[in-house]
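J.: Sharing a structure, written as structure tokens. Questions coming.
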Amino acid sequence: MGGYADDMTSETPRAARGASLARWVQIPTLRLLVSIADEGSLGAGARAQRVAQSNASRSIALMERRLGYPLLVRSPQGSALTTEGALTVEWARTVLSAVDQMDAAVAALTATAPSGGELFRVGASMTVAEYLVPEWISQLTHTHPGVHPVLEISNSRDVIAKVRQGAVPLGFVETPEIPGDVRSTLVRHDQLVVVVAPGHPWADRGGALSLDELARTPLVEREAGSGTRAAYEAVLAARLPGTVRAEPVAELNGNAAILNSVAAGLGPAVLSELAVRQVLQDGRLLRVPVAGGELGRELRAVWYGVREPIGLAGDLLRIARGEAPRPR
Numbered sequence: 032m033g034g035y036a037d038d039m040t041s042e043t044p045r046a047a048r049g050a051s052l053a054r055w056v057q058i059p060t061l062r063l064l065v066s067i068a069d070e071g072s073l074g075a076g077a078r079a080q081r082v083a084q085s086n087a088s089r090s091i092a093l094m095e096r097r098l099g100y101p102l103l104v105r106s107p108q109g110s111a112l113t114t115e116g117a118l119t120v121e122w123a124r125t126v127l128s129a130v131d132q133m134d135a136a137v138a139a140l141t142a143t144a145p146s147g148g149e150l151f152r153v154g155a156s157m158t159v160a161e162y163l164v165p166e167w168i169s170q171l172t173h174t175h176p177g178v179h180p181v182l183e184i185s186n187s188r189d190v191i192a193k194v195r196q197g198a199v200p201l202g203f204v205e206t207p208e209i210p211g212d213v214r215s216t217l218v219r220h221d222q223l224v225v226v227v228a229p230g231h232p233w234a235d236r237g238g239a240l241s242l243d244e245l246a247r248t249p250l251v252e253r254e255a256g257s258g259t260r261a262a263y264e265a266v267l268a269a270r271l272p273g274t275v276r277a278e279p280v281a282e283l284n285g286n287a288a289i290l291n292s293v294a295a296g297l298g299p300a301v302l303s304e305l306a307v308r309q310v311l312q313d314g315r316l317l318r319v320p321v322a323g324g325e326l327g328r329e330l331r332a333v334w335y336g337v338r339e340p341i342g343l344a345g346d347l348l349r350i351a352r353g354e355a356p357r358p359r
């Protein structure tokens with residue numbers, strides 16, 4: 032996305048606002064708007080973003096025209112947020128938080144540290160890496176700005192192997208199958224969810240799906256070694272001991288590929304509620320309730336050889352558990 036200079040093109044009021052906000056909104060302008068709110072005035076907000084006040088004023092004015100409502104009340108005494116402006120600031124904070132998390136996660140996929148930086152490798156299984164680790168890494172880099180995390184993504188079995196080999200000091204997995212020589216701790220509870228396409232016969236069934244029927248149904252699944260698959264198999268083993276479940280209709284190594292296959296009508300799937308939240312909200316897929324209670328599982332941190340990780344690994348573990356990292 033462009034900077035402030037890109038913002039300063041002429042634009043008709045948002046009577047022509049058929050264009051989606053996502054097509055024109057500028058991240059620097061959102062940061063400016065939040066700075067105005069935090070610093071208390073247009074001038075102070077502009078200084079915080081290192082932008083000339085005249086340029087900042089034009090950027091905010093353009094955003095107002097595109098939105099179709101005022102963000103600031105301007106007077107000889109200065110500028111103050113309107114009610115609409117205050118609401119927009121809170122929405123902007125959400126967007127900027129997501130951008131910062133993505134920035135940290137993308138940087139973590141590169142394998143080189145900047146000059147003088149400290150390289151820190153961490154392993155994570157697919158679902159945890161996609162939906163949870165970006166926020167944790169973002170928090171870590173804010174508290175330790177000289178650190179350059181490198182995120183190594185694989186299935187849970189491979190993450191555990193990397194921890195055992197010493198390739199990463201800390202990993203995050205979804206599988207219940209933790210070897211006895213690997214230490215672990217709970218970081219979050221998760222639920223497995225059954226999802227189907229809107230045209231699937233289960234979509235309009237009257238009641239909950241029995242676990243036995245689910246076990247007998249070929250599913251679109253993750254590959255062997257996946258924590259999601261291992262957790263589903265553990266639920267079946269605990270609740271339906273001795274049951275031989277159906278072979279998968281397809282095995283895919285990513286959540287997005289499974290969701291697209293389910294939407295295309297290939298079959299049902301059992302995935303983390305983290306992975307299906309958006310497609311359920313969009314109505315692309317439907318959730319099927321399962322009789323006998325939720326299909327719960329634990330997301331765990333794993334490490335090897337010490338009672339509790341120290342240093343950066345310890346700080347990241349504390350962040351993942353919702354605790355404050357220790358000052359260094």
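For the sequence shown, the positions run 32 to 359 when the numbering used here is used. All C-beta atoms in this analysis are idealised placements derived from N, C-alpha and C, irrespective of residue type, glycine included.
1. To the nearest angstrom, how far is the alpha carbon of G258 from that of V190?
2. Pairs of beta-carbons, one from the region 197 to 213 and one from the region 224 to 236, closer than 8 angstroms: are there three or more?
3. Straight-line CA distance for A144 to P180?
4. Check V130 in the structure and name its three-state DSSP category.
5. Could you spell out the range, first to last residue, of the beta strand (DSSP E) harbouring H220?
6. Report yes if the CB atom of T216 is closer than 7 angstroms to the CB atom of A332, and no otherwise.
7. Going by other Cβ atoms of all chains shown within 10 Å of its Cβ, with 16 needed for buried, is Y100 buried or exposed?
8. Write down the C-beta distance between L290 and R253 rounded to the nearest angstrom, noting that I regard them as a contact closer than 8 angstroms.
9. Near H220, which residues of its chain fall below 7 angstroms by C-beta distance, leaving aside the five closest residues on each side in sequence?
10. Rank A192, G211, A269 and G296 by C-alpha distance to the C-alpha of G256 and give the top, closest one.
11. So, under 8 angstroms CB-CB, V120 and L52 are touching, yes? Tell me the CB distance rounded to an integer number of Å.
12. Starting from the N-terminal side, write out each stretch of the alpha helix (DSSP H) that is 4 residues or longer and does not extend beyond the region 65 to 99.
13. Drop a sphere of 10 angstroms on the beta-carbon of R352, count the other beta-carbons inside from all chains shown, and report buried for 16 or more, exposed for fewer.
14. Taking 6 angstroms as the cut-off, does the CB of R97 come closer than this to any heavy atom belonging to the ligand GTP?
15. Jot down the residue ranges of each uninterrupted alpha helix (DSSP H) in the region 243 to 324, minimum 4 residues, whole runs only, in chain order.
16. Pull up the distance between the alpha-carbon of A142 and that of G177, whole angstroms please.
17. For Q309, tell me which candidate among G324, A287 and G76 has the shortest Cα-Cα distance.
18. For the beta strand (DSSP E) holding G109, just list the boundary residues, first then last.
19. Taking 7 angstroms as the limit between beta carbons, can you name the residues of its chain near I184, skipping five residues before and five after?
20. Should R195 and W334 be called a contact, given that it needs their Cβ atoms to be closer than 7 angstroms?
21. For the region 165 to 174 against the region 111 to 126, are there 3 or more C-beta pairs whose distance is under 8 angstroms?
22. Mapping DSSP to helix, strand and coil, what is S51?
23. Going by DSSP, what residue range makes up the alpha helix (DSSP H) through P232?
24. Rounded to whole angstroms, what is the Cα-Cα separation between V293 and P272?
25. Alpha carbon to alpha carbon, how far is T60 from S90? Give it in angstroms, no decimals.
26. I'd like the list of long-range same chain contacts for V280, defined as Cβ closer than 7 angstroms, with 5 residues on each side in sequence excluded.
27. For G116, which of helix, strand or coil comes out of DSSP?
28. Beta strand (DSSP E) containing V164: first to last residue?
29. Does DSSP classify D346 as helix, strand or coil?
30. Around the C-beta of D69, are 16 or more other C-beta atoms found within 10 angstroms, so that it is buried, or is it exposed?
T.: Reading it off the structure:
1. 10 angstroms
2. Taking a cut-off of 8 angstroms on C-beta distances, the region 197 to 213 does not touch the region 224 to 236, as fewer than three cross pairs fall below it.
3. Per-residue confidence for A144 stands at a pLDDT of 49, beneath the threshold of 50, marking its modelled position as unreliable; the derived number appears in the next sentence. Those two C-alpha atoms are separated by around 8 angstroms.
4. In the structure shown, V130 falls within a helical segment according to DSSP collapsed to helix, strand and coil.
5. R214 to V227
6. yes
7. Classification of Y100: exposed, given that the 10 Å Cβ count is below 16.
8. Wrong, their Cβ atoms sit about 12 angstroms apart, outside the cutoff.
9. G327 and E329
10. A192
11. Not really, about 15 angstroms apart at Cβ, beyond 8 angstroms.
12. 73 to 79 and 84 to 98
13. With fewer than 16 other Cβ atoms within 10 Å, it is exposed.
14. As presented, the structure is devoid of all ligands, the ligand GTP included, so that no description of it is given.
15. 258 to 270, 286 to 294 and 304 to 313
16. Bear in mind that the predicted position of A142 carries a pLDDT of just 48, short of 50, making it too unreliable to give a figure here.
17. A287
18. G109 to L112
19. A155, M157 and A160
20. no
21. no
22. coil
23. Run containing P232: none; DSSP gives neither H nor E here.
24. 28 angstroms
25. 7 angstroms
26. P249, L250, V251, L297 and G298
27. Looking at G116 - three-state DSSP - the assignment turns out to be helix.
28. Careful: V164 lies outside any beta strand (DSSP E), inside the alpha helix (DSSP H) at V164 to T174.
29. Reduced to three states, the DSSP call for D346 is helix.
30. exposed
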